[in-house]
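Read through the structure below, which is laid out as structure tokens, and then see the notes.
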Amino acid sequence: MNVKSLIAERIELAIYSVTGQHSSADIQLSTKSEHGDYQANGIMRIAKALKIKPRELAEQVIAQTEYGDIVESLVVAGPGFINIELKNSFFSELLEKGNLIKKREKTKTVVIDYSSPNLAKEMHVGHLRSTIIGDAIARILDCLGYNVIRQNHVGDWGTQFGMLIENMEHENFSSENLADLETFYRSSKKKFDEDPEFAQQARARVVSLQSGDQLTRNQWLRFINISLSHCREIYERLGVSLSDEDLAPESSYNALLPTVIEALNKRGLLEESEGAQCVFLEEFTSSEGDRQPLIVRKSDGGYLYATTDLAAILHRENLGADRIIYITDARQKLHFKQVFAVAKQAGFAKKIEQMNHFSTGAMLASNGRPFKTREGGTIRLSDLLNEAEQRALNLLKSKGSELTETEQNDLAKAIGIGAVKYADLSKNRNSDYIFDWDNMLALNGNTAPYMQYAYARIQSIFRQAEVQPDSLSGKINPVAQSERALCKELIRFQEVLDQVAAEGFPHYLCVYLYNLSSLFSKFYEELTILDADKEKQASRLLICERTGSVLKLGLSLLGITVLERM
RNA sequence: GCACCUGUAGCUCAGUUGGAUUAGAGCACCGGUCUACGAAACCGGGGGCCGUAGGUUCGAAUCCUACCAGGUGCGCCA
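Residue 11 is where the first sequence starts when you use our numbering, and the numbers rise one by one after that.
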């Protein structure tokens with residue numbers, strides 16, 4: 011249940027009955043405990059528009075609000091805030107019932123495009139952000155009851171593949187001895203850049219590939235399959251929910267491309283410029299009259315990624331999308347802005363209500379420079395993940411774990427991978443972020459291990475008490491400040507998920523889970539659970555259970571596994 | 001040249017769309033709390049001209065303008 015929306019509804023109804031207008035009450039979480047649990051900030055804005063005194067309006071709104079079941083008190087404060095204190099019984103009952111997440115009834119279809127690696131080479135660190143952030147958003151939308159269609163728009167078409175297939179012939183490579191894709195890509199690229207004759211043959215390959223030459227196509231398929239199996243392995247290790255069914259490769263849009271051009275032409279959007287077919291839109295014209303083109307067909311007749319992306323929007327429309335989301339590097343911002351605008355103009359997205367490009371910043375090394383190997387090359391994702399697991403294992407050993415060797419290895423995987431993912435997810439996706447092993451593996455602060463620890467501690471309580479957490483039931487009565495604070499945070503879960511779903515910022519969920527873990531630690535330090543009297547013990551065990559469930563579900567939505575002990 | 005993004009504590013980051021005399025976390029630094037429901041934790045302390053300068057209003061880290069610094073993109077790569 012979204013508590014914030016519930017409160018907003020009540021207060022907005024009262025605002026309507028006082029003013030006759032529908033206005034946002036602007037409900038926010040109170041920043042200070044003296045100001046209650048939530049606060050309504052909208053009164054001052056409304057009063058200003060109506061030219062009445064804010065405090066008087068606030069009084070009238072309070073008098074009209076129906077709140078007996080959820081709110082303890084509504085108080086006018088400062089220049090016209092309404093401070094809202096929730097009834098303990100309200101959140102106790104909510105928590106006793108336990109179902110904190112309410113799925114949508116009228117479902118919407120959301121098509122989400124993420125990861126989308128280039129199959130010409132192995133996945134590298136540059137693919138991490140889109141993959142992880144996209145997966146979290148997809149899972150959250152899923153959990154909220156949206157009909158989610160994942161699209162992995164892998165790059166499997168174009169010059170690079172001509173180059174690779176040609177080189178497979180030259181080097182006499184078969185799929186069996188192509189284990190190291192990255193090296194093969196580099197040597198092919200080198201040859202392509204240095205040997206004009208080879209480059210020519212490579213381009214000819216592209217033509218025969220795209221015209222359906224059987225031999226070339228077979229080679230291409232073999233190559234794609236090797237590359238895909240690398241991806242599957244990475245997704246498996248990362249715990250990413252993408253499967254083969256979500257593949258929507260560039261090549262699959264090939265047949266649609268002439269249709270796209272034709273449709274643009276029919277709409278009168280096409281214009282030839284310097285031999286290329288372009289779309290010029292008003293909104294991409296500067297004040298000096300410089301026009302920014304979206305090139306959809308090259309002068310040699312070839313199509314570009316803009317054409318493919320337009321075709322992909324047509325495809326999404328056919329999938330019944332109400333909303334489409336793309337998660338890519340921020341460098342593609344202008345590109346998607348243009349593609350969305352052209353798609354709208356061309357009538358490719360008549361039924362799509364929302365088109366979101368959620369862009370991500372870059373991953374940087376601790377010196378603030380791009381994150382590369384010492385030689386200046388890209389870092390393979392598999393190497394990065396190996397290092398994460400190794401570092402987590404070292405950490406476990408240094409803590410003198412009592413667990414067996416195999417248990418430690420399993421833990422190291424969960425901790426290492428979780429730390430890498432969480433480090434990425436917990437930052438605002440817009441900004442570049444500095445990749446730092448020590449920060450992400452720290453056992454304190456806004457890190458995955460800190461939350462995994464909080465969860466493990468909760469499970470330990472249940473083991474100590476010899477109870478099955480899922481069998482717990484009864485009354486919750488938060489008497490102490492620290493348990494009330496924890497309960498109040500627990501009922502915010504849906505509110506936070508709704509916000510991530512709307513805005514595409516998983517770090518809101520991270521901040522929330524961190525805050526929750528931290529409130530749990532305070533609660534745990536301050537109050538006895540097992541030694542408390544029967545009633546308090548039952549209540550507190552149930553609070554522990556709800557905290558554990560929210561942590562487990564919350565982390566799993568981020569694609570991070572919890573640990574029973576660590 | 002034009003456009004977009006970023007600038008918050010020594011470091012890494014939040015700041016819920018303009019909210020409350022005192023801008024928050026973690027690391028690092030200083031100090032405190034275990035004969036133990038997991039100290040991998042908790043509590044306290046110092047540390048800030050929110051890049052700079054104006055403006056908008058009851059109220060600005062948040063909005064507007066100019067400037068400074070860093071990054072990125074902009075006609076036939078994706």
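Yeah, the Cβ is synthetic: ideal placement off N, Cα and C, and Gly gets one too.
TODO: Grab the span of the alpha helix (DSSP H) containing residue 268 for me, first residue to last.
DONE: 267 to 276
Open item on the list: Closest to residue 458 by C-alpha separation, out of 481, 434, 52, would be which residue?
Closed with: 434
TODO: Locate the beta strand (DSSP E) running through residue 127, then write down its first and last residues.
DONE: Here residue 127 belongs to no beta strand (DSSP E), and DSSP marks it neither H nor E.
Task: Contact belief for residue 117 with residue 156 at Cβ below 8 Å, rounded distance in angstroms - done: Correct: roughly 6 Å between the Cβ atoms.
- [ ] Alpha carbon to alpha carbon, how far is residue 48 from residue 393? Give it in angstroms, no decimals.
- [x] Spanning the two alpha carbons is a distance of roughly 46 Å.
Open item on the list: Helix, strand or coil for residue 64? Go by DSSP, reduced to three states.
Closed with: helix
- [ ] Find out if the Cβ-Cβ distance for the pair residue 335, residue 514 is shorter than 8 Å.
- [x] yes
Open item on the list: Is it the case that the stretch 345 to 359 contacts the stretch 84 to 100, given that we only count it when at least three CB pairs across the two stretches are under 8 Å?
Closed with: no
Task: Distance between beta carbons of residue 428 and residue 570, contact taken as under 8 Å - done: 4 Å
Open item on the list: To the nearest angstrom, how far is the alpha carbon of residue 559 from that of residue 350?
Closed with: 40 Å
Task: Other residues of its chain near residue 50: CB distance less than 6 Å, five sequence neighbours each side excluded - done: Close CB contacts of residue 50 within its chain, under the 6 Å cut and outside five residues either way in sequence, are with 21, 35, 37, 92 (chain order).
Task: residue 363 beta carbon less than 8 Å from that of residue 332 - done: yes
Task: residue 32 versus residue 18: straight-line alpha-carbon distance, rounded - done: Near 12 Å, if we compare the C-alpha coordinates of residue 18 and residue 32.
Task: Nearest residue (CA-CA) to residue 361, options 401, 40, 325 - done: In this structure, 325 is the residue among 401, 40, 325 with its C-alpha nearest to the C-alpha of residue 361.
Open item on the list: If you measure between the beta carbons of residue 213 and residue 172, is that distance less than 8 Å?
Closed with: yes
TODO: Note down the Cα distance separating residue 273 from residue 294, rounded to an integer number of angstroms.
DONE: Taking the straight line from one Cα to the other gives about 21 Å.
Open item on the list: Please identify the residue among 82, 483, 503 whose C-alpha is closest to the C-alpha of residue 546.
Closed with: Ranking 82, 483, 503 by CA distance to the CA of residue 546 puts 483 first.
TODO: Note down, one range per segment and in chain order, each alpha helix (DSSP H) of at least 4 residues found wholly within the stretch 510 to 545.
DONE: Those alpha helix (DSSP H) runs which fall completely within the stretch 510 to 545 and span 4+ residues are 517 to 536.
Task: Beta-carbon proximity of residue 110 to residue 503, cut-off 8 Å - done: yes
Open item on the list: Using a 10 Å radius around the Cβ and a threshold of 16 neighbouring Cβ atoms, would you call residue 451 buried or exposed?
Closed with: buried
TODO: Could you spell out where the alpha helix (DSSP H) holding residue 318 opens and where it closes?
DONE: 315 to 328
Open item on the list: With DSSP as the reference, identify every bridge partner of residue 195, one or two as the case may be.
Closed with: Paired residues: none, contrary to the question.
TODO: Have a look at residue 400 and residue 104 and give me their C-alpha separation to the nearest angstrom.
DONE: 42 Å
- [ ] For residue 284, name the three-state secondary structure that DSSP assigns.
- [x] For residue 284, the three-state secondary structure derived from DSSP is coil.
Open item on the list: Tell me the DSSP secondary structure of residue 335 in three-state form.
Closed with: strand
Open item on the list: With the cut-off set at 8 Å, would you say residue 606 and residue 499 are in Cβ contact?
Closed with: Residue 606 is absent from the model: the chain starts at 11 and stops at 576.
Open item on the list: I'd like to know whether the C-beta atoms of residue 24 and residue 71 end up nearer to each other than 8 Å.
Closed with: Contact flag set, yes.
Task: Cross-strand partners of residue 576 (DSSP beta bridge) - done: Residue 576 is not bridged to any residue.
Open item on the list: Along the chain, where does the alpha helix (DSSP H) containing residue 227 start, and where does it finish?
Closed with: Where residue 227 is concerned, the enclosing alpha helix (DSSP H) stretches over 224 to 248.
Task: CA-to-CA distance, residue 141 to residue 29, given in whole angstroms - done: Here the alpha carbons of residue 141 and residue 29 stand approximately 48 Å from one another.
Open item on the list: Given the structure, does residue 87 come close to the ligand PLP, in the sense that its CB is under 7 Å from one of the ligand's heavy atoms?
Closed with: This structure lacks the ligand PLP; in fact it carries no ligand of any kind.
Task: Rounded straight-line distance, which links the Cα of residue 509 to that of residue 449 - done: Rounded to the nearest angstrom, the two C-alpha atoms are 27 Å apart.
Task: Under the three-state DSSP convention, the category residue 477 falls into - done: coil
TODO: Would you tell me roughly how many angstroms separate the C-alpha atoms of residue 148 and residue 160, rounded to the nearest one?
DONE: 7 Å
Open item on the list: Below 8 Å on the Cβ atoms is my contact criterion, and I expect residue 516 with residue 143 to pass it. Report the Cβ-Cβ distance as a whole number of Å.
Closed with: 6 Å
Task: Cβ shell of residue 74 (< 6 Å), same chain only, five flanking positions each side left out - done: 24, 27, 28
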